Amino acid sequence: MFPLDEPLEDKAVEEAGRMIAPPRADRIATSPALRARQTADALGLDAQIDQALCDCDHGRWAGRPIAAIGTEEPENLMGWMSDPEAAPHGGESLLGLSTRIAGWMDGQTILGGHVIAISHAAVIRAAIVHVLQAPLSSFWLSDVEPLSVIRMTSNGQRWSLRFQH
Numbered sequence: 012m013f014p015l016d017e018p019l020e021d022k023a024v025e026e027a028g029r030m031i032a033p034p035r036a037d038r039i040a041t042s043p044a045l046r047a048r049q050t051a052d053a054l055g056l057d058a059q060i061d062q063a064l065c066d067c068d069h070g071r072w073a074g075r076p077i078a079a080i081g082t083e084e085p086e087n088l089m090g091w092m093s094d095p096e097a098a099p100h101g102g103e104s105l106l107g108l109s110t111r112i113a114g115w116m117d118g119q120t121i122l123g124g125h126v127i128a129i130s131h132a133a134v135i136r137a138a139i140v141h142v143l144q145a146p147l148s149s150f151w152l153s154d155v156e157p158l159s160v161i162r163m164t165s166n167g168q169r170w171s172l173r174f175q176h
């Protein structure tokens, strides 16, 4: 389903509440989406809404099942998934999303300090592509589960992914 602004399911709220306390942060930012704000609340975080962390704008596909789009508009769906500049739904292209997220991340680097960002799978995929300096065609190669914790660090000159046990 291409998301609208649905709330978290009760199970997700409970799971978020059981997560390990996040590390100290100088800034905590969240997407304005209800489910992101609910996640921040469940984690006990006082997060500031940041429009840059919005999910991808899926235009007229928002709220519709992906399978239905695949049946009704197979060429458009495949075009959107294979061409980063395509936006057949009238919303945001993957290039637009990636540019927005790269700009946000670079802005956070300038500010310095530790940041916790609560956002969406597409935003996290775009961030991973930026960190790895990978081609945008690799966007779909990351499987981001709900409530995943992805650590990204920057020394001011380059980004890296940090995997911890």
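For the sequence shown, counting from 1, position 83 maps to 94 in my numbering; every step adds exactly one.
Note that the Cβ used here is the ideal one computed from N, Cα and C, for glycine as well.
None of the values given here were measured: they were computed from a predicted structure.
query	result
So what does DSSP say about Arg162, is it helix, strand or coil?	strand
Are Cys67 and Leu19 touching if we call contact CB-CB under 9 Å?	no
Report the residue ranges of all alpha helix (DSSP H) runs contained in full by the stretch 118-160; include only those spanning at least 4 residues, in chain order.	132-143
Between the stretch 81-99 and the stretch 118-135, can you find at least three pairs of beta-carbon atoms closer than 8 Å?	no
Is it the case that the Cβ atoms of Leu64 and Thr41 are separated by a distance below 9 Å?	yes
Taking 8 Å as the cut-off, does the CB of Met92 come closer than this to any heavy atom belonging to the ligand NAD?	With respect to the ligand NAD, the structure offers nothing, as it holds no ligand at all.
Using beta-carbon positions only, say whether Ser153 and Val134 come within less than 9 Å of one another.	no
What does DSSP give as the partner residue(s) for Trp170 in the beta ladder?	Ser165
Spell out the partners DSSP gives Ala40 in its beta bridges.	Gln59, Ala128
Could you give the distance in angstroms between the alpha-carbon of Glu96 and the alpha-carbon of Arg29?	39 Å
Find out if the Cβ-Cβ distance for the pair Ile127, Ala58 is shorter than 9 Å.	yes
To which residues of the same chain is Phe174 closer than 8 Å at the C-beta, ignoring the five residues directly before and after it?	Arg162
Alpha carbon to alpha carbon, how far is Asp138 from Met116?	First, the amino acid is wrong: residue 138 is Ala here, not Asp. Computed Cα separation, rounded: 8 Å.
What's the C-alpha gap between Ile112 and Trp170?	13 Å
Could you check whether Ser148 and Ser93 sit closer than 9 Å to each other, using their CB atoms as the reference points?	yes
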